[in-house]
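Mapping to the UniProt record's numbering: the sequence shown position 381 is 381, numbers consecutive.
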Amino acid sequence: MWQANRAALSSTRAWESIRLRLRKDNATVLSSAELDAILAQIMTLPMPPVRLRTDEVGSTLMALAQVLPPKSELLVSEFTSVVRHCCKDKLVLTADHLHVLVPFFLAALSHCPSWYAEQILTTLSVLLADNAPAAAAAFADSIYVAATPHLSPSSADVGARYAATTCMAHLVAVADAPPPYFADLWKQIMDNFKQQTRQLHVDGPRVVWTTNRTHYKSCLASLQCLLRLMELDTAASSSGAGPRCGLSLSTTAMVVGRVPLIDSDSDCSSKHPSQRGIGLAARLRLEVVRALEVVLHAFPHLITPTLAQYLPDTTTPCLVLYNGHPSVLTLAVVDPYDQVRLKTLHWLDMLLPLVNVKATLSQNFKHASTAFTTTGGALLQMVHQVHVMLLHTVQHEHDAAVLVQAIKVI
1 MWQANRAALS
11 STRAWESIRL
21 RLRKDNATVL
31 SSAELDAILA
41 QIMTLPMPPV
51 RLRTDEVGST
61 LMALAQVLPP
71 KSELLVSEFT
81 SVVRHCCKDK
91 LVLTADHLHV
101 LVPFFLAALS
111 HCPSWYAEQI
121 LTTLSVLLAD
131 NAPAAAAAFA
141 DSIYVAATPH
151 LSPSSADVGA
161 RYAATTCMAH
171 LVAVADAPPP
181 YFADLWKQIM
191 DNFKQQTRQL
201 HVDGPRVVWT
211 TNRTHYKSCL
221 ASLQCLLRLM
231 ELDTAASSSG
241 AGPRCGLSLS
251 TTAMVVGRVP
261 LIDSDSDCSS
271 KHPSQRGIGL
281 AARLRLEVVR
291 ALEVVLHAFP
301 HLITPTLAQY
311 LPDTTTPCLV
321 LYNGHPSVLT
331 LAVVDPYDQV
341 RLKTLHWLDM
351 LLPLVNVKAT
361 LSQNFKHAST
371 AFTTTGGALL
381 QMVHQVHVML
391 LHTVQHEHDA
401 AVLVQAIKVI
């Protein structure tokens, strides 16, 4: 106990000594080389205890942002590395800290050459990950204006676009209402998402799905942002949200069953079977099912008339391949991530009461010249395939929560 307190005191003194050097009366005589040495020194310091981290680390980062010139590319680059190093563990900053740090990075983004944009935006997104509620009220509009050029689908800097999308995803995640720039942001993110889903396909000869992690991260960030925007839009205005949600459905259908069983699906270094599939592709599939759930809850009429889009066109042992792509039912059967299987079954549980199979099929018998119209045929196919899938799940599922949800759907 005594040794731990002594180590904490030593760490605190080291951070305090740096702040003393950075005081305004001293900072005016610090050269670029001295500032660079201070940044290098911080990278070697141990982190203070959690209870002191906001005061010690946050205040030191604020002091650095006050004296570093945002036009100095090398110092800005070193500072971004320092901030990311300090934010490896959760770092909650005060409003005073953010009112210095965020404007510094926005100024650096406008002054530094374009090839520094990815570094700066990535660092800003790291800050927003733990401090979005405090930063959104004061800086959401400014961050969007600064990030807009990098959100364009025509931008060649994929890393900067991903970082800018992540920044906006953090901001909209804590928003209570659609932002003033909602329409422009939706269009930019949706255009990016369409482009990114296409990039997931045919990355090389005999490779159906890409293994480029940046593509998955970008696609995931865009979908998370779209999902939150859909929630805000449906809560604020049900009239204008429908067409936008319908457009998102046609895009998510392309990645709904992204080849679940391959080694690259795992984002873990360990090859333990229980960790398999809990990677970027699995997280992407989970977000797709969440998006379907949001749309089904707000606009069931967008899904129920087009059930065939989410069903396989032929019955196979794995219930795969609707128009060359696996279906939603595929996820419930063979997805290696239990949360995806659970979420898919929950979505089906929400869907079935809205379909009203009995009424639709009865109407088809009364008014159709053939046994079933297109809608009736799709419903009958859905009932059959869902039943087969549920029986398979009950027989082979090893996760208790997924098994219970399957029984509920039955």
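A virtual CB, placed ideally from N, CA and C, is assigned to each residue, including glycine. Bear in mind the structure is a predicted one, so any value in this text is a computation, not a measurement.
| request: Could you spell out the range, first to last residue, of the alpha helix (DSSP H) harbouring Ala169? | output: Here residue 169 refers to the residue found at position 169 of the sequence shown. Unbroken alpha helix (DSSP H) run through Ala169: Val158 to Ala173.
| In terms of residue numbering, what span does the alpha helix (DSSP H) encompassing Asp96 cover? | Taking the sequence shown and counting its residues from 1, one reaches residue 96 at position 96. Run containing Asp96: Ala95 to His111, per the alpha helix (DSSP H) assignment.
| message | In chain order, what are the residue ranges of uninterrupted alpha helix (DSSP H) at least 4 long that sit wholly in the stretch 23-95? | response | 24-27, 32-42, 50-53, 59-67 and 73-86
| field | Inter-stretch contact (C-beta, 8 Å, three-pair minimum) for the stretch 152-171 and the stretch 221-231 | value | yes
| task | Kindly indicate which residue of Arg283, Arg84, Pro46 and Leu229 has the alpha-carbon position closest to the one of Asp335. | result | As a working mapping, residue 335 is identified with position 335 in the sequence shown. The shortest C-alpha separation from Asp335 is found at Arg283.
| task | Indicate whether Leu342 and Val402 have their beta-carbon atoms separated by less than 8 Å. | result | Taking the sequence shown and counting its residues from 1, the one referred to as residue 342 is at position 342. Taking the sequence shown and counting its residues from 1, the one referred to as residue 402 is at position 402. Taking 8 Å as the Cβ cut-off, Leu342 and Val402 qualify as a contacting pair.
| query | How would you call Arg161, buried or exposed, if buried means at least 16 neighbouring beta carbons within 10 angstroms? | reply | The residue labelled residue 161 in the question sits at position 161 within the sequence shown. The residue in question, Arg161, is buried, as its Cβ has 16 or more Cβ neighbours within 10 Å.
| message | Does the stretch 90-102 come into contact with the stretch 136-143, if we say contact requires no fewer than three beta-carbon pairs (one atom in each stretch) closer than 8 Å? | response | yes
| Span separating the alpha-carbon of Pro149 from that of Phe299 | As a working mapping, residue 149 is identified with position 149 in the sequence shown. As a working mapping, residue 299 is identified with position 299 in the sequence shown. If you take the alpha carbons of Pro149 and Phe299, they lie about 33 Å apart.
| Through-space distance from Leu380 to Val404, alpha-carbon basis | By one-based count along the sequence shown, residue 404 stands at place 404. By one-based count along the sequence shown, residue 380 stands at place 380. Val404 and Leu380: Cα-Cα distance of roughly 25 Å.
| Residue range of the alpha helix (DSSP H) that includes Ser142 | On the sequence shown, residue 142 is found 142 positions in, with the first residue counted as 1. Per DSSP, Ser142 belongs to the alpha helix (DSSP H) from Ala117 to Leu151.
| request: In angstroms with no decimal places, state the Cα-to-Cα distance between Asn131 and Ser59. | output: The count along the sequence shown starts at 1 and reaches residue 131 at position 131. The count along the sequence shown starts at 1 and reaches residue 59 at position 59. Whole-angstrom Cα-Cα distance: 15 Å.
| query | What is the rounded straight-line gap between the Cα of Thr234 and the Cα of Ala14? | reply | Along the sequence shown, one-based indexing puts residue 234 at 234. Along the sequence shown, one-based indexing puts residue 14 at 14. Cα to Cα, Thr234 sits roughly 51 Å from Ala14.
| said: DSSP three-state label for Gly257, please. | reply: Within the sequence shown, numbered from 1, the residue matching residue 257 stands at position 257. Low confidence applies to Gly257: its pLDDT is 48, below 50, so where it sits in the model is not reliable enough to give any reading.
| What residue from Leu331, Gln188 and Cys87 has the CA that sits closest to Thr165's CA? | Looking up residue 165 in the sequence shown gives position 165. The shortest Cα separation from Thr165 among Leu331, Gln188 and Cys87 belongs to Gln188.
| Identity of the residue in Ser31, Pro113, Lys217 and Asp191 nearest Gly159 by Cα | For this step, residue 159 is matched to residue 159 along the sequence shown. Closest option to Gly159, Cα to Cα, is Lys217.
| task | Pull up the distance between the alpha-carbon of Glu293 and that of Glu16, whole angstroms please. | result | The sequence position of residue 293 within the sequence shown is 293, counting from 1. The sequence position of residue 16 within the sequence shown is 16, counting from 1. Cα to Cα, the separation comes out at about 50 Å.
| When the Cα atoms are used, what is the spatial distance from Leu21 to Val145? | In the sequence shown, counting from the first residue as 1, residue 21 sits at position 21. In the sequence shown, counting from the first residue as 1, residue 145 sits at position 145. With the sequence shown as reference, residue 21 is identified as Arg, and Leu is not the correct amino acid for it. Their backbone Cα atoms lie some 35 Å apart in a straight line.
| query | Taking DSSP as the reference, what is the three-state secondary structure of Arg276? | reply | Counting from 1 along the sequence shown, the entry for residue 276 is found at position 276. The predicted model places Arg276 with a pLDDT of 41, which falls under 50 and marks its position as unreliable, so this point remains unresolved.
| For the alpha helix (DSSP H) that Leu185 lies in, which residues bound it at each end? | Counting from one through the sequence shown, the residue named residue 185 turns up at place 185. That run of the alpha helix (DSSP H) goes Phe182 to Gln199.
| Helix, strand or coil at His392 [DSSP, three-state] | Indexing the sequence shown from 1 puts residue 392 at position 392. If DSSP states are grouped into helix, strand and coil, His392 belongs with the helices.
| Between Ala117 and Leu124, is the Cβ-Cβ spacing less than 8 Å? | By 1-based counting over the sequence shown, the position of residue 117 is 117. By 1-based counting over the sequence shown, the position of residue 124 is 124. For Ala117 and Leu124, no; Cβs fall outside 8 Å.
| Bounding residues of the alpha helix (DSSP H) (the contiguous stretch that carries Ile407) | Position 407 of the sequence shown holds residue 407. Segment Ala400 to Val409, the alpha helix (DSSP H) holding Ile407.
| query | Grouping DSSP H, G and I as helix and E and B as strand, with all else coil, what is Glu293? | reply | As a first step, residue 293 is located in the sequence shown; it is residue number 293 there, counting from the start. The answer is helix: DSSP assigns Glu293 an H, G or I state.
| message | Measuring straight from C-alpha to C-alpha, what distance separates Leu185 and Met47? | response | Along the sequence shown, one-based indexing puts residue 185 at 185. Along the sequence shown, one-based indexing puts residue 47 at 47. Computed Cα separation, rounded: 37 Å.
| query | Taking buried to mean at least 16 other C-beta atoms within 10 Å of its own C-beta, is Met43 buried or exposed? | reply | Within the sequence shown, the letter at position 43 stands for residue 43. With fewer than 16 other Cβ atoms within 10 Å, it is exposed.
| request: Measure the Cβ-Cβ separation of Thr122 and Leu93 and say whether it is below 8 Å. | output: The sequence position of residue 122 within the sequence shown is 122, counting from 1. The sequence position of residue 93 within the sequence shown is 93, counting from 1. No. Outside cutoff.
| said: Tell me which residue opens and which closes the alpha helix (DSSP H) that Pro353 is part of. | reply: Position 353 of the sequence shown holds residue 353. Asp338 to Val355 is the extent of the alpha helix (DSSP H) around Pro353.
| message | Is it buried or exposed, Pro180, if we count other Cβ atoms within 10 angstroms and call 16 or more buried? | response | The residue given as residue 180 occupies position 180 in the sequence shown. Answer is exposed; the Cβ neighbour count stays below 16.
| Does DSSP put Pro178 in a helix, in a strand, or in coil? | Your numbering for residue 178 matches position 178 in the sequence shown. It is coil, neither helix nor strand.
| When burial is assigned at 16 or more other CB atoms within 10 Å of the CB, is Ile407 buried or exposed? | Along the sequence shown, one-based indexing puts residue 407 at 407. Label assigned to Ile407: exposed.
| Where Val295 and Leu351 are concerned, what is the direct C-alpha to C-alpha distance, given to the nearest angstrom? | In the sequence shown, the residue the question calls residue 295 occupies position 295. In the sequence shown, the residue the question calls residue 351 occupies position 351. In a straight line, the C-alpha of Val295 is about 11 Å away from that of Leu351.
| said: Mapping the DSSP letters down to three states, classify Pro205 as helix, strand or coil. | reply: For the purposes of this step, residue 205 is identified with residue 205 of the sequence shown, where counting begins at 1. Low local confidence applies: a pLDDT of 44 at Pro205 is under 50, so the model's placement there is unreliable, and no value is given.
| query | Which residues in the same chain have their Cβ closer than 8 Å to the Cβ of His346, if we skip the five residues on either side of it in sequence? | reply | Residue mapping note: residue 346 aligns to position 346 of the sequence shown, counting from 1. The answer, listed in chain order, is Glu293 and Gln405.
| field | C-alpha distance - Gln199 paired with Phe193, whole-angstrom precision | value | Here residue 199 is taken as the residue at index 199 of the sequence shown, counted from 1. Here residue 193 is taken as the residue at index 193 of the sequence shown, counted from 1. Approximately 10 Å, taken between the alpha carbons.
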